[in-house]
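Quick notes on the structure that follows.
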Amino acid sequence: LRMQGGRAWISTKSTPPSGPKKAPEVELGCIQDLSVPAYVVWGAGTDVGKTLISAGICEYFSRVNKDGAVLFLKPFQTGYPEDSDADTVAGVCGGRSEVGDHAQELLLAGEEVTEFPCLLNPKDSNVVARTEYAWSQPVSPHLAVQLEGRAVTDGQIISSLQKSLGKFAATDGKLPGSMALVETAGAVNSPGPAGTGQVDMLRTLRLPGILIGDGRIGGISSTVCALESLLLRGVEISCVIMIDQGLQNEAAVAAMVSQGGFRSVSGKTMPVIVLPPLPRRRQARITAQALRSWFSASTAKFKKIANIMQSEHKERLAQLASAAERTEKMLW
77 LRMQGGRAWI STKSTPPSGP KKAPEVELGC IQDLSVPAYV VWGAGTDVGK TLISAGICEY
137 FSRVNKDGAV LFLKPFQTGY PEDSDADTVA GVCGGRSEVG DHAQELLLAG EEVTEFPCLL
197 NPKDSNVVAR TEYAWSQPVS PHLAVQLEGR AVTDGQIISS LQKSLGKFAA TDGKLPGSMA
257 LVETAGAVNS PGPAGTGQVD MLRTLRLPGI LIGDGRIGGI SSTVCALESL LLRGVEISCV
317 IMIDQGLQNE AAVAAMVSQG GFRSVSGKTM PVIVLPPLPR RRQARITAQA LRSWFSASTA
377 KFKKIANIMQ SEHKERLAQL ASAAERTEKM LW
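Take 77 as the starting number for the sequence shown in our numbering and just add one per residue.
Given below as structure tokens:
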């Protein structure tokens, strides 16, 4: 850790062991600027609401912090371009959707896809949503690679995230109120394109996260198991967010979190926040009007989530800045 110009930086590089030199490997580490809040959005399962909740967080930050900027990153996407989480976030926020070279190949080869409608903030949005790697088959990323090819390594994914986050921190991220989100695919331990579990692949970034729990039957166990998987790997989780499915899963999860002594960075019991039920679907997709109403009804909850993210970010910087002093006192 080092401080420079009032900004905190952390190295994610590992010190190589002494001894004979080994064959060169992909280096998964860099110097990261921590001054901009950046969170990974984890899920207890598939279809638990990661993208809609990410969109709500991005929209709230964009609306409240008009002078700031918001970056949403989707490292890899399957079922693309028909299914695009970045397009959904951009559509909700009235933002701009970007694609990396790998995802661009599918856009050039495929048919035109109808854009997701602008729902809440269609004018002068400061949100950019980016998809880096993509495959057309709507299956797990590792299986999509087996079916379609166009493989990418863990190192390539980490490098692209570091590049995007670093560029954001050096430019628009300097504006007050800025924030970045990285949304995962599927569940915490779902494999990435190279077959590595996402929690193991992304832990090298040392980014804090928020966990989207599962409000469905069986979701209590999957949520707590996902949380334990993250914490056992040293991933800091600021809060658990769940969409109300009528089963009161959030109450059971909150009780287990409290009993288990799960703490956030600030040392407080990890909060479990419940969002209103999603509108009922009469078609394949929820209508724009129904989604607009849901986001509006969830405003107070998104405000609470944003406040937690900002306060936890400040606490994390404070703890990192005092780490050397605290370590010296503890050891000596």
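Glycine included, each C-beta is placed from N, C-alpha and C at the ideal position.
As for any alpha helix (DSSP H) of minimum length 4 sitting wholly inside the segment 277-349, the runs are 295-308 and 325-335, ordered along the chain.
When beta bridges are read from the DSSP output, SER212 appears opposite no residue. In its chain, beyond the 5 residues on either side, PRO355 have a beta carbon closer than 8 Å to the beta carbon of THR363. In the three-state reduction of the DSSP assignment, TYR156 falls in the coil class. In the DSSP assignment, ALA270 falls outside any beta strand (DSSP E), carrying neither H nor E. The beta carbon of PRO214 sits closer than 7 Å to the beta carbons of THR154, GLY155 and ASP159 from its chain, once the five residues preceding and following it are set aside; these are given in chain order. For LEU251, there is no enclosing alpha helix (DSSP H), as DSSP marks it with neither H nor E. Between SER173 and ALA210 a beta carbon distance of about 12 Å is seen, past the 8 Å cut, so the two are scored as non-contacting. For SER138, the enclosing alpha helix (DSSP H) starts and ends at 126-140.
Minimum Cα-Cα distance from VAL146 among the listed residues GLY310, ALA382, PRO217 and THR272 corresponds to ALA382. Within the same chain, Cβ atoms closer than 7 Å to the Cβ of LYS377 are found at ILE349 and LEU351, the five residues on either side in sequence being excluded.
DSSP places GLY262 in the coil class of the three-state scheme, outside both helix and strand. Cβ contact annotation for LEU183 (same chain, cutoff 8 Å, sequence separation greater than five): PRO157 and VAL175, in chain order.
Boundaries of the beta strand (DSSP E) around SER173: 172-175. Excluding five sequence positions before and after ALA330, the CB atoms of its chain that fall closer than 7 Å to its own CB belong to VAL348, given in chain order. By the 16-neighbour rule on beta-carbons within 10 angstroms, MET406 is exposed. The segment 232-239 makes no contact with the segment 284-292, as fewer than three CB pairs between them are under 8 Å.
TYR115 and ALA366 have their C-alpha atoms some 28 Å from each other.
Assignment of beta-bridge partners to ALA399 by DSSP yields no partner. If you draw a straight line from the Cα of LYS150 to the Cα of ASP161, it comes to about 7 Å.
THR207 is bridged by DSSP to LYS150 and VAL175. Buried is the label assigned to LYS126, since at least 16 other Cβ atoms lie within 10 Å of its Cβ.
A straight line joining the alpha-carbon of ALA179 with that of ARG226 spans about 10 Å.
Residue state for GLY144 is assigned as coil, using DSSP reduced to three classes. Pairing GLU388 with ARG139, the inter-Cα distance amounts to about 21 Å.
For TRP118, the enclosing beta strand (DSSP E) has its first and last residue at 114-119. For GLY225, no alpha helix (DSSP H) encloses it, and the DSSP letter there is neither H nor E.
Annotation for TRP408: no alpha helix (DSSP H) segment contains it, and DSSP assigns it neither H nor E.
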